[in-house]
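J.: In the numbering used here, the protein residues as written are 2 to 455.
The beta carbon of each residue, even a glycine, is placed where N, CA and C say it ideally should be.
None of these values were measured; they are calculated from a predicted model.
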Amino acid sequence: MTIEFIAILFVIFTFLFLLSGIPVAIVLTGNSLLFASIGIVFDFFDYSYLIAIPNRIFGIMTNQNLLAVPLFIFMGLMFEKSKIADELLMAMNSLYSSTKGGLAISVIIVGVLMGASTGIVGASVVTLGLLSLPVMMKNDYPPRLSCGVICASGTLGQIIPPSLVLILLADVLSSAYQQAQLNAGIFSPENVTISDLFAGALLPGILLPILYIVYIKLIKPASISNKNNVATMSMNINFISSFFPPIILIILVLGSIIFGIATPSEAAALGALGALIISYLKNRLNKTVLEESSKETIKLTSMVFFILIGATFFSLVFRGLEGESLIHNLLVHGPDNKELALIITLLIMFFLGFILDFIEIIYIIIPLFGPILFSFGFDPIWVGILIAMVLQTSFLTPPFGFSLFYLRGVAPKNISTYDIYMGVIPFVLIQLFVIGIIYFFPTLATIIPDLIMM
Numbered sequence: 002m003t004i005e006f007i008a009i010l011f012v013i014f015t016f017l018f019l020l021s022g023i024p025v026a027i028v029l030t031g032n033s034l035l036f037a038s039i040g041i042v043f044d045f046f047d048y049s050y051l052i053a054i055p056n057r058i059f060g061i062m063t064n065q066n067l068l069a070v071p072l073f074i075f076m077g078l079m080f081e082k083s084k085i086a087d088e089l090l091m092a093m094n095s096l097y098s099s100t101k102g103g104l105a106i107s108v109i110i111v112g113v114l115m116g117a118s119t120g121i122v123g124a125s126v127v128t129l130g131l132l133s134l135p136v137m138m139k140n141d142y143p144p145r146l147s148c149g150v151i152c153a154s155g156t157l158g159q160i161i162p163p164s165l166v167l168i169l170l171a172d173v174l175s176s177a178y179q180q181a182q183l184n185a186g187i188f189s190p191e192n193v194t195i196s197d198l199f200a201g202a203l204l205p206g207i208l209l210p211i212l213y214i215v216y217i218k219l220i221k222p223a224s225i226s227n228k229n230n231v232a233t234m235s236m237n238i239n240f241i242s243s244f245f246p247p248i249i250l251i252i253l254v255l256g257s258i259i260f261g262i263a264t265p266s267e268a269a270a271l272g273a274l275g276a277l278i279i280s281y282l283k284n285r286l287n288k289t290v291l292e293e294s295s296k297e298t299i300k301l302t303s304m305v306f307f308i309l310i311g312a313t314f315f316s317l318v319f320r321g322l323e324g325e326s327l328i329h330n331l332l333v334h335g336p337d338n339k340e341l342a343l344i345i346t347l348l349i350m351f352f353l354g355f356i357l358d359f360i361e362i363i364y365i366i367i368p369l370f371g372p373i374l375f376s377f378g379f380d381p382i383w384v385g386i387l388i389a390m391v392l393q394t395s396f397l398t399p400p401f402g403f404s405l406f407y408l409r410g411v412a413p414k415n416i417s418t419y420d421i422y423m424g425v426i427p428f429v430l431i432q433l434f435v436i437g438i439i440y441f442f443p444t445l446a447t448i449i450p451d452l453i454m455m
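Have a look at this one:
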């Protein structure tokens with residue numbers, strides 16, 4: 002039994018335990034320690050890899066970029082719990098009340114804004130589903146179109162800054178990119194920053210909702226009426242006070258990061274403070290909202306960092322089992338060219354998106370495949386945007402896309418699961434089209450970061 006076979010068993014057992022429903026961080030840590038212990042007993046694992054774990058954990062907990070995670074989560078939860086996101090949707094409904102297909106367009110636009118403010122797919126899909134699905138059905142929108150628009154708009158938070166996916170992706174990509182440079186003998190390696198990925202995601206993040214809207218305007222379902230039954234409800238909403246405060250805050254936060262005015266953690270602190278101020282000025286800030294937002298922030302942040310620590314155990318033990326060499330041999334000697342190696346990696350991430358959360362995929366797959374891919378000369382920003390787009394598409398694709406499950410949980414019983422599945426297919430095709438454009442025209446993802454660095 003070779004050490005490469007042990008490394009394969011290690012990965013297989015890890016995924017089997019993940020499918021069992023045991024918490025991810027416990028699986029990553031426990032299985033890693035189990036195989037490391039077996040390896041030490043039978044002398045095929047060097048225990049010095051475990052000695053490096055305390056320093057790795059210290060590095061995670063003191064990482065300045067990761068300080069942005071709890072602050073951005075808190076910002077998004079404040080918008081959700083204080084119902085500012087709800088108000089934003091009703092304001093957009095009032096703006097498009099007399100436009101054919103206007104409700105669908107307003108859902109897309111609010112999905113963009115919620116993605117830029119929360120970055121949490123589950124919260125976006127559930128909020129859009131609860132608020133807009135009943136209204137769209139009352140206005141004779143086809144169930145499939147309504148479900149497709151809501152699911153697709155809710156997943157925009159995966160690619161639109163300050164997406165939690167992009168924040169975590171930047172940290173892991175930077176480590177993998179630096180490792181690839183060190184392996185190549187470059188001892189002053191460059192890194193990938195959060196602002197780089199934010200800037201790279203701007204054009205794809207704008208192009209995707211534009212194509213959604215174009216699709217809505219082109220199909221023009223005959224059953225959609227110009228008459229909007231929610232006009233009377235929406236007319237009571239002050240559009241200016243509902244729309245502009247969160248938009249101005251989002252622009253300030255993203256602009257300060259992308260143009261280097263503030264670090265991601267500083268900008269995230271500005272976003273959290275801004276969300277508190279807006280909630281207070283709109284008389285939405287109270288003890289209940291603050292407690293719920295704070296408790297959810299603690300839960301989500303703890304989950305993220307617990308998984309980070311578990312992933313550290315996993316990556317070190319995998320490296321100690323010479324798994325990195327195994328991946329290198331598979332990618333270098335397996336596919337005929339480097340592009341095929343990248344496509345295989347993206348496909349693996351796509352299918353894993355059916356069963357694992359994006360945090361798990363990012364911290365398991367990228368440390369394994371990233372250094373090898375970057376040794377082929379791929380641009381890390383381009384690869385990062387492709388990964389974010391692929392994960393977003395995976396979460397939207399039937400039959401296991403997470404966003405479909407979120408909508409199924411809040412949709413009325415008269416809307417079938419089949420309608421939800423069929424409704425998202427056109428939007429999945431649009432996303433695949435955009436992935437193709439980014440793949441064949443990498444400049445779409447790299448031009449803004451390059452311009453900012455000039």
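When the Cα atoms are used, what is the spatial distance from MET304 to ARG285?
T.: 28 Å
J.: If we count the other Cβ atoms within 10 Å of its Cβ and call it buried at 16 or more, is LEU301 buried or exposed?
T.: buried
J.: For PRO413 versus LEU405, is the C-beta distance shorter than 8 Å?
T.: no
J.: Have a look at LEU219, ILE416, PHE75 and flag the residue whose alpha-carbon is nearest the alpha-carbon of LEU277.
T.: PHE75
J.: Tell me whether ILE9 sits in a helix, a strand or coil according to DSSP, three-state version.
T.: helix
J.: Return the first residue and the last residue of the alpha helix (DSSP H) that PHE419 is part of.
T.: Just to set this straight, residue 419 is Tyr in the shown sequence, not Phe. Unbroken alpha helix (DSSP H) run through TYR419: 418 to 441.
J.: Express the C-alpha separation of VAL173 and THR313 in angstroms, rounding to a whole number.
T.: Distance between the alpha carbons of THR313 and VAL173 is about 11 Å.
J.: Any chance you could list the alpha helix (DSSP H) runs of at least 4 consecutive residues sitting entirely within the region 226 to 305, in chain order?
T.: 232 to 235, 240 to 259, 265 to 282
J.: Looking at the structure shown, is GLU81 part of a helix, part of a strand, or coil, going by DSSP?
T.: helix
J.: According to DSSP, is ASP87 part of a helix, a strand, or is it coil?
T.: helix
J.: Among the residues of its own chain, which have a CB less than 6 Å from the CB of VAL385, if the five just before and after it don't count?
T.: First, the residue type needs correcting, since residue 385 is Gly and not Val in the sequence shown. Result list for GLY385: LEU170, LEU174, LEU198, in chain order.
J.: Cβ of ALA8 within 8 Å of Cβ of LEU209?
T.: LEU209 sits away from ALA8, with the two beta carbons spaced by 8 Å or more.
J.: Assuming ILE61 is part of the alpha helix (DSSP H), what are its boundary residues?
T.: 54 to 62
J.: By DSSP, does ALA185 sit in helix, in strand, or in coil?
T.: coil
J.: Taking a contact to mean a Cβ-Cβ separation below 8 Å, would you say ILE248 touches ALA202 in this structure?
T.: no
J.: Would the beta-carbon of LEU392 fall within 8 Å of that of GLY354?
T.: The beta carbons of LEU392 and GLY354 sit closer together than 8 Å.
J.: Could you give the DSSP three-state label for LEU397: helix, strand or coil?
T.: coil
J.: Any idea if GLY40 is buried or exposed, counting beta-carbon neighbours within 10 angstroms, 16 or more meaning buried?
T.: buried
J.: Check each candidate in PHE18, GLY149, LEU327, ALA53 and name the one with the smallest Cα separation from VAL425.
T.: Per the Cα distances, GLY149.
J.: Compare the beta carbon distance of ILE214 and ILE106 with 8 Å and say whether it is the shorter of the two.
T.: yes
J.: Can you tell me the Cα-Cα spacing of GLY130 and ASN32, whole angstroms?
T.: 38 Å
J.: Out of VAL108, ILE251, GLU191, PRO71, which has the shortest C-alpha to C-alpha gap to CYS152?
T.: VAL108
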